[in-house]
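Colleague: Sharing a structure below in C-alpha cells format, with a few things to ask.
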Amino acid sequence: MHCTRKVTDDVVWIGGSDRRLALFENIFPIPRGVSYNSYLLKDEKTVLLDTVDRSIAEQFLENLAYALEGRNLDYVIVNHMEPDHCALIRDILVRYPQAQVVGNAKTFTMMDQFFDFDLTGKTVTVKEGDTLETGRHTLSFIMAPMVHWPEAMMTYDTVDKILFSADAFGTFGALNGNIFADELDFERDWLDDARRYYTNIVGKYGAPVQAVLKKATGIEIAVICPLHGPIWRENLSYLLEKYQTWSSYEAEDQAVMIAYASMYGNTENLANVLACRLADAGIRNIAVYDVSNTHVSQLIAESFRCSHIVLAAPTYNGGIYPVMENYLNDMQALAVQKRTFAVLDNGTWASTAGKQMAEKLSGLKDVKILDTKITIKSALKEAQLEQLDALVNEIKADF
Ligand code: FEO
1082 MHCTRKVTDD VVWIGGSDRR LALFENIFPI PRGVSYNSYL LKDEKTVLLD
1132 TVDRSIAEQF LENLAYALEG RNLDYVIVNH MEPDHCALIR DILVRYPQAQ
1182 VVGNAKTFTM MDQFFDFDLT GKTVTVKEGD TLETGRHTLS FIMAPMVHWP
1232 EAMMTYDTVD KILFSADAFG TFGALNGNIF ADELDFERDW LDDARRYYTN
1282 IVGKYGAPVQ AVLKKATGIE IAVICPLHGP IWRENLSYLL EKYQTWSSYE
1332 AEDQAVMIAY ASMYGNTENL ANVLACRLAD AGIRNIAVYD VSNTHVSQLI
1382 AESFRCSHIV LAAPTYNGGI YPVMENYLND MQALAVQKRT FAVLDNGTWA
1432 STAGKQMAEK LSGLKDVKIL DTKITIKSAL KEAQLEQLDA LVNEIKADF
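See below:
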C-alpha cells in the first residue's frame, strides 16, 4: 500500500525507511534504521527528485505511481549518484520511458560507470545556476561537490523556496510517520544521529560544506528537503548553525571526553579516577567511552562535539592498542581538528603508546596536546595521583 505525505501543495514525499539494515554503507551501525527520501513535484510537468535504495524499491514505486495519479513522469532529477539514492533509475526509465534525466556532467559520467543503459536523447545536463521551468515552478541547480561525492548537487525551487539538499542536512534514523522535524523532538531524539551521520559521512569535507552554506545564505529557504531524515520547515537556523559548527570543526560543547582502551581494567580504572577528579574540580557532563565497546563512528561524532579529548591506552605489540589506533586513524581521515588532547598510557614493560598517540595527534590540524602526560605501569598507584591532579588542573586551566 502507498505511504506518502504532502510536503507543500505541489510536493509529495514518496520515500520510505529501512529498519532491517544493520550497517549503512556496510560500515555504520544504524540501530534506528535509515530513511531514503524521494520527492515528487507536481506542476504542469511532473518531476521526481532522486530515487531510493533498492531495499525499499517496492514501497517507493507504489508511492510514485500513487502520487502521479495516472500522469506521466516528465523529469527525474539526480542530485546524487550514490546507490542509496540512484539505485532505481533503470526501473524508473523502464516504467516511465518518456522521462528525461537531469544531472550535471559528472552525474552522467557516474551513471555510465554504475549502469549499462542507453540514455541517448534522454538527458538534460545542467550546471551551476541553470534553471528548469516546470510550469508554476522554476527549479535552479546548485552544485555541491564533495557533499558528499564530486557530482552532488542541490535543486532549489525558486517559487516555494524549497531546497532539495541531497545528503546535506540528513541524518540516520527511520522516519516514523512524522517526516517533519517540527513533528519530532529533534534535539532529544535525532541530534546525536544527525551529528554521527554528518561527521562520518561528510566530516572530511568541511570546506566544501562551508562553500555550500555560503551559497545558502544568498537564497531564501523556507523548506529543506534532505535525502535522509526529517524535512525542515521551521527553525532552519538551528540546523544551519549546527552545520556551520561542524563544518568549521569548532567544538559544539565545551566538554571533556575520555576515550580509553583497557585489556584488564587497569587503564579503565585510570580513566574512571581521572573522571571523578575532573568532576570534583567542577567539570560537568564528562563523557567516558570504552573504545573497544563503542563504534568508532560514535567516537568520531563525540570528537566533533567535545572541546577536550583525553585518550588512554595500553601499549600493544610495541604499538598503540589496535582499537585506539583505529580511532586515531579515523580522526585523521575525517579531519578532526581544533581540539585539546591529553594522552595517558599503560605498559607493564616498554610503554610507548603515549608517545605514539601524541605523534599521530600532532598530524591533526590546530590541535593542542597538554603537557601533563601520564604513564602507568600495569596499574595506577597512589603515588601517581599527584600527576592526575596536575592533569586535572591543566584541563581546567584550558577550559
Ligand atoms: Fe545518502 Fe552519499 O548518499
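Heads up: the sequence shown begins at 1082 in our numbering, then just goes up one per residue.
Note that the Cβ used here is the ideal one computed from N, Cα and C, for glycine as well.
Remember, predicted model here, so these are calculated numbers, not experimental data.
Going along the chain, which residues of its own chain have a beta-carbon closer than 7 Å to the beta-carbon of F1198, five neighbours each way excluded?
Modeller: On the sequence shown, position 117 is the one that residue 1198 refers to. So the qualifying residues of the chain are R1171 and L1174.
Colleague: In its own chain, which residues sit with a C-beta less than 7 Å from the C-beta of T1188, not counting the 5 before and 5 after it?
Modeller: On the sequence shown, position 107 is the one that residue 1188 refers to. Its chain contains V1159, M1162 and E1232 as the residues whose beta carbon lies nearer than 7 Å to that of T1188, once the 5 sequence neighbours on both sides are disregarded; these appear in chain order.
Colleague: Flag G1251 as yes when its Cβ comes closer than 8 Å to any non-hydrogen atom of the ligand FEO, and as no otherwise.
Modeller: For this step, residue 1251 is matched to residue 170 along the sequence shown. The answer is yes for G1251.
Colleague: Identify the continuous beta strand (DSSP E) that holds E1214 and give its terminal residues.
Modeller: Residue mapping note: residue 1214 aligns to position 133 of the sequence shown, counting from 1. Looking at the DSSP string, the run of the beta strand (DSSP E) that includes E1214 is T1212 to E1214.
Colleague: Which two residues bound the contiguous alpha helix (DSSP H) that contains C1357?
Modeller: Taking the first residue of the sequence shown as position 1, residue 1357 is located at position 276. Looking at the DSSP string, the run of the alpha helix (DSSP H) that includes C1357 is N1347 to D1361.
Colleague: How many whole angstroms separate the CB atoms of T1127 and I1243, which I take to be in contact at a CB cut-off of 8 Å?
Modeller: For the purposes of this step, residue 1127 is taken as residue 46 along the sequence shown, with counting starting at 1. For the purposes of this step, residue 1243 is taken as residue 162 along the sequence shown, with counting starting at 1. Not quite, the Cβ-Cβ distance comes to about 16 Å (not below 8 Å), so this is no contact.
Colleague: Tell me whether G1435 sits in a helix, a strand or coil according to DSSP, three-state version.
Modeller: Residue 1435 sits at position 354 when you count from the first residue of the sequence shown. G1435 falls in the helix class under three-state DSSP.
Colleague: Which residues have a Cβ closer than 7 Å to any heavy atom of the ligand FEO, listed in chain order?
Modeller: Residues lining the ligand FEO by the Cβ criterion, that is a Cβ closer than 7 Å to any of its heavy atoms, are H1161, E1163, D1165, H1166, H1229, W1230, D1248, G1251, I1282, L1308 and H1309 in chain order.
Colleague: Need the endpoints of the alpha helix (DSSP H) that N1427 sits in, please.
Modeller: Position 346 of the sequence shown, counted from the first residue, corresponds to residue 1427. Unbroken run through N1427 is the beta strand (DSSP E), T1421 to N1427; no alpha helix (DSSP H).
Colleague: Check the DSSP bridge columns for K1123 and list the partner residues they point to.
Modeller: Reading the sequence shown from its first residue, position 42 is the one you call residue 1123. Note: K1123 sits in a beta bridge opposite T1127.
Colleague: Any heavy atom of the ligand FMN closer than 8 Å to the Cβ of L1272?
Modeller: As far as ligands go, the structure on display features the ligand FEO and does not contain the ligand FMN.
Colleague: Here's a check: name, in chain order, each residue in its chain whose Cβ is nearer than 7 Å to the Cβ of M1191, leaving out the five neighbours to either side.
Modeller: Within the sequence shown, residue 1191 is the residue found at index 110, counting from 1. Here the set comprises M1162 and E1232.
Colleague: Spatial neighbours of A1382 within its chain, please: C-beta separation below 6 Å, excluding the five flanking residues on both sides.
Modeller: Numbered from its first residue, the sequence shown carries residue 1382 at position 301. So the list reads R1276, R1277 and T1280, once near-sequence residues are dropped.
Colleague: How far does the alpha helix (DSSP H) with W1094 in it extend, from its first residue to its last?
Modeller: Residue numbering aside, residue 1094 sits at position 13 when the sequence shown is read from its first letter. Note, W1094: premise wrong, no alpha helix (DSSP H); beta strand (DSSP E) at V1092 to W1094.
Colleague: Kindly indicate which three-state DSSP category F1222 falls into: helix, strand or coil?
Modeller: Taking the sequence shown and counting its residues from 1, the one referred to as residue 1222 is at position 141. F1222: strand per DSSP, three-state reduction.
Colleague: What runs of the beta strand (DSSP E), each 3 residues or longer, lie entirely inside the stretch 1257-1319?
Modeller: Qualifying beta strand (DSSP E) stretches, in chain order: 1304-1307.
Colleague: Considering only the alpha carbon of each residue, which of E1143, G1184 and N1144 lies closest to Y1156?
Modeller: Start at 1 with the first residue of the sequence shown, and residue 1156 comes out as number 75. If we check each option's Cα against that of Y1156, G1184 comes out closest.
Colleague: Which two residues bound the contiguous beta strand (DSSP E) that contains Y1177?
Modeller: Sequence index remark: in the sequence shown, residue 1177 carries index 96 (1-based). Per DSSP, Y1177 belongs to no beta strand (DSSP E) and is neither H nor E.
Colleague: Flag this pair as yes or no: are the beta carbons of N1347 and A1460 separated by less than 9 Å?
Modeller: Mapped onto the sequence shown, residue 1347 falls at position 266. Mapped onto the sequence shown, residue 1460 falls at position 379. Contact: yes.
Colleague: Relative to the C-alpha of V1510, which candidate in L1380, L1220 and C1167 has its C-alpha closest?
Modeller: Beyond the ends of the chain as shown, which are 1082 and 1480, falls residue 1510; an answer cannot be given.
Colleague: Could you spell out the range, first to last residue, of the beta strand (DSSP E) harbouring C1387?
Modeller: Numbered from 1 along the sequence shown, position 306 holds the residue referred to as residue 1387. Per DSSP, C1387 belongs to the beta strand (DSSP E) from C1387 to Y1397.
Colleague: Grab the span of the alpha helix (DSSP H) containing F1141 for me, first residue to last.
Modeller: In the sequence shown, counting from the first residue as 1, residue 1141 sits at position 60. Residues A1138 to L1149.
Colleague: Can you tell me which of Q1325, Q1181 and M1235 puts its alpha carbon nearest to the alpha carbon of F1222?
Modeller: Translated into positions along the sequence shown, residue 1222 becomes position 141. Comparing Cα-Cα distances from F1222 to each of Q1325, Q1181 and M1235, the minimum goes to M1235.
Colleague: Whether or not the stretch 1317-1332 and the stretch 1361-1371 are in contact is what I'm after, with contact meaning three or more pairs of Cβ atoms, one per stretch, closer than 8 Å; do they touch?
Modeller: no
Colleague: What is the DSSP secondary structure of Q1468, counted as helix, strand or coil?
Modeller: On the sequence shown, position 387 is the one that residue 1468 refers to. In the structure shown, Q1468 sits in a helix (DSSP, three-state: H, G or I).
Colleague: Among H1309, R1314, L1320 and L1359, whose alpha-carbon lies nearest the alpha-carbon of L1294?
Modeller: Here residue 1294 refers to the residue found at position 213 of the sequence shown. Measuring from the Cα of L1294, the nearest candidate turns out to be L1320.
Colleague: Straight-line CA distance for Y1120 to V1228?
Modeller: Sequence index remark: in the sequence shown, residue 1120 carries index 39 (1-based). Sequence index remark: in the sequence shown, residue 1228 carries index 147 (1-based). Straight-line Cα distance between these residues: approximately 19 Å.
Colleague: Could you spell out where the beta strand (DSSP E) holding L1154 opens and where it closes?
Modeller: As a working note, residue 1154 is residue 73 in the sequence shown. Here L1154 belongs to no beta strand (DSSP E), and DSSP marks it neither H nor E.
Colleague: Could you check whether V1372 and M1405 sit closer than 9 Å to each other, using their CB atoms as the reference points?
Modeller: Your numbering for residue 1405 matches position 324 in the sequence shown. Your numbering for residue 1372 matches position 291 in the sequence shown. Yes; because the gap between Cβ atoms is below 9 Å, this pair is in contact.
Colleague: If I measure Cβ to Cβ from W1430 and keep anything under 6 Å in the same chain, skipping five residues before and after, which residues do I get?
Modeller: Indexing the sequence shown from 1 puts residue 1430 at position 349. Closer than 6 Å at Cβ, skipping near neighbours: no residue.
Colleague: So V1404 is in the beta strand (DSSP E); what residue range does that whole segment cover?
Modeller: Reading the sequence shown from its first residue, position 323 is the one you call residue 1404. It is not in any beta strand (DSSP E) - V1404 instead sits in the alpha helix (DSSP H) that spans P1403 to A1414.
Colleague: Taking 7 Å as the limit between beta carbons, can you name the residues of its chain near A1397, skipping five residues before and five after?
Modeller: Within the sequence shown, numbered from 1, the residue matching residue 1397 stands at position 316. For clarity, residue 1397 is Tyr in the given sequence; the question names Ala instead. Taken in chain order, the residues that qualify are P1403.
Colleague: Consult DSSP for T1326 and reduce its assignment to one of helix, strand or coil.
Modeller: In the sequence shown, counting from the first residue as 1, residue 1326 sits at position 245. Collapsing the DSSP output to three states places T1326 in a helix.
Colleague: Which term fits L1122, buried or exposed, when burial requires 16 or more other beta carbons within 10 angstroms of its beta carbon?
Modeller: Position 41 of the sequence shown holds residue 1122. Buried is the call here.
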